[in-house]
Amino acid sequence: MTKTAGASALSPARRRICVALLVVLGFSLGCSEFAVIGVEQEIADAYGVTLAEAGQLISFFAMTYAFLTPLLTLATGRFKRFHLVVAYSAVFCVANLVQSLAPTFDILLASRVLIGAVSGTFLGVGITFIPELVDPKRTSAMISVVYAAFSVAMVVATSVGKALAALSDWRIIMWAALALALVTCAALIALLPREGATDEPATAGEQVRLLFEPQVMTGIAIFVFGVGSIYVFYGYVTPYLETVLGMSPLAASATLMAYGAGTFASNLLSGWVDSRFGIRALCVTFPMLSVVLFTLWLAGSSQPLGLACVMAISLLMYIASVPCISMFMNTAIRKHPKALTLASSLEATAFNIGIAFGTAVGGVIVSNLGLANVGAVGAVFALVALGLVLVTIPLERRSRAEA
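Counting in numbering that gives the first Met the number 0, the sequence shown runs from 0 upward without gaps.
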């Protein structure tokens, strides 16, 4: 293969393939992260741990992801993106192999931490290739598609994993995630441009200033409570469907597939909402989410009403993503151009802080109050997210005026 100087030297067909591979990367990262959600009960049974302990596979992953993503981004600012892709690919694939083979729960937990350590930065670096591979007018749309692939993977891995566990072996979903990781990473290394416009070295100090922008800080907090409001419930969605709503394993799997379709629509809706209304749209999104979560709590074991609420949650789940991503990246472009990679990774970082927060709170609720009560706590968190949006809007307006 001929070594290219950058994306501008690539043929149009190869550019399209690279963009498609970045979408597949988002899907692969999502599959590796969420493969355990659909088989939590099977994992708990196999390793002799409680369901709440099995939930640590989600929360530990998310905490590692959230903590190390910005640190790795800051520490690797002096390296070329392609070299980082190669390094992250190697770690990601090895960690998936360990996850597939783990003989003990502790080793499985360690593999989850290792995957979480590189996933956020891997995705953030990948996204920085997109502005060089597509027309500027399509950049935001393609970024939203990458995140849509990540979120769809969340539900596909959950539902397929559950179905495979019911029909055969819960480890099959782990092997499938490994195979996808190997193929995707090999193709990215073969086809991505070796150099690019954003390869200029950046010190940690030049990047970290972005984190002190007021609207960036409140934007991160929006994710913590907004995503946390959902993961109080979604972190335990499979046992919720089976235990509270009384669904069979296969019916729960089918429900999660439908949920995945809802989250895909949610991501696309997020891009449309951002282009029309920006972050102001979240003044409507979070009150709606709070009402739905509160209704989920009121529904109790009523399967029709409970399922209606679950599907409504899927449609609202990702609407906040693109408005916040746009705010992070636009702030970087205006004031901190060398922090663009950090800006692109902030959504994933903040999202996983929200996952860890929500899953941990959900574990406390499940252990002490019962699965049926997770919706009420989520409803309160959604209202906190609304308050943070109301604080962020004037901060973002002021930042644009100062630029």
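Ideal Cβ positions, reconstructed from N, Cα and C, are used throughout, including at glycine.
Nearest-angstrom beta carbon gap, residue j and residue i [assumed within contact, 8 Å]
i, j, result
"V390", "T217", "5 Å"
"G123", "A347", "7 Å"
"V84", "L191", "6 Å"
"G377", "F232", "5 Å"
"F222", "F350", "5 Å"
"T403", "T340", "Because the chain spans 0 through 402 in this model, residue 403 falls outside it and cannot be assessed."
"G25", "A148", "4 Å"
"G357", "S228", "7 Å"
"Q206", "A338", "4 Å"
"V18", "I188", "Not really, about 16 Å apart at Cβ, beyond 8 Å."
"A421", "S88", "Lying before the first or after the last residue shown, residue 421 is absent from the chain, which here runs from 0 to 402."
"L50", "T157", "Not a contact, Cβ separation roughly 15 Å."
"N266", "S344", "Actually they are not in contact, since the Cβ atoms of N266 and S344 sit about 18 Å apart, beyond 8 Å."
"A298", "G305", "4 Å"
"S301", "G261", "So it is not a contact: roughly 20 Å between Cβ atoms."
Under the three-state DSSP convention, the category residue i falls into
i, result
"T49", "coil"
"S252", "helix"
"T202", "coil"
"D105", "helix"
"G160", "helix"
"Y317", "coil"
"K2", "With a pLDDT of 41 at K2, under the threshold of 50, the predicted position of this residue should be treated as unreliable, though the coordinate-derived value follows. Reduced to three states, the DSSP call for K2 is coil."
"A8", "helix"
"P238", "helix"
"E194", "coil"
"L209", "helix"
"R137", "helix"
"M310", "helix"
"L181", "helix"
"G259", "helix"
"L304", "helix"
"G277", "helix"
"G37", "helix"
"L370", "helix"
"L244", "coil"
"R111", "helix"
Of the listed residues the options, nearest to residue i (C-alpha basis)
i, options, result
"L56", "R279, S366, R111", "R111"
"A152", "G227, A257, W296", "A257"
"W174", "G160, A338, G299", "G160"
"Y146", "K136, I126, D134, A355", "I126"
"A12", "T68, C30, L132", "L132"
"M328", "S398, N367, L113, I318", "S398"
"V379", "S274, F81, S289, V117", "S289"
"A61", "L50, Y46, S31", "S31"
"R170", "L240, A307, V35", "V35"
"P194", "L382, L9, I278, A342", "As written in the sequence, residue 194 is Glu, which differs from the Pro given in the question. Answer by Cα proximity: L9."
"G119", "G54, A331, A186, L67", "L67"
"H335", "V97, V215, Y230, L113", "V215"
"E212", "L28, V388, L394", "L394"
"F104", "I219, A45, K79", "A45"
"L21", "C184, A251, Y235", "C184"
"G353", "N367, V365, A342, S320", "S320"
"V226", "S252, L315, L297, V309", "L315"
"Y230", "K79, A176, F33, V97", "F33"
"D273", "I106, L100, I324, P303", "I324"
"E39", "L108, L345, S27", "L108"
"H82", "F121, A65, T63", "F121"
"D134", "S167, R14, A178", "R14"
"R275", "M310, P322, L28", "P322"
Terminal residues of the alpha helix (DSSP H) in which residue i lies
i, result
"S27", "11 to 33"
"S344", "339 to 367"
"N329", "320 to 334"
"F128", "From DSSP, F128 is part of no alpha helix (DSSP H); its letter is neither H nor E."
"W169", "Neither: W169 is in no alpha helix (DSSP H) and is coded neither H nor E."
"A65", "55 to 74"
"F232", "213 to 233"
"I392", "373 to 401"
"L83", "80 to 100"
"S289", "281 to 298"
Examine the Cβ distances between the stretch 234 to 246 and the stretch 278 to 286 and report whether three or more of them are shorter than 8 Å. no
Can you find at least 3 beta carbon pairs, one from the stretch 129 to 142 and one from the stretch 92 to 110, that sit closer than 8 Å? Under the Cβ criterion (8 Å, minimum of three pairs), the stretch 129 to 142 does not count as touching the stretch 92 to 110.
Answer yes if the stretch 368 to 376 comes into contact with the stretch 63 to 80, meaning at least three C-beta pairs across the two stretches below 8 Å, and no otherwise. no
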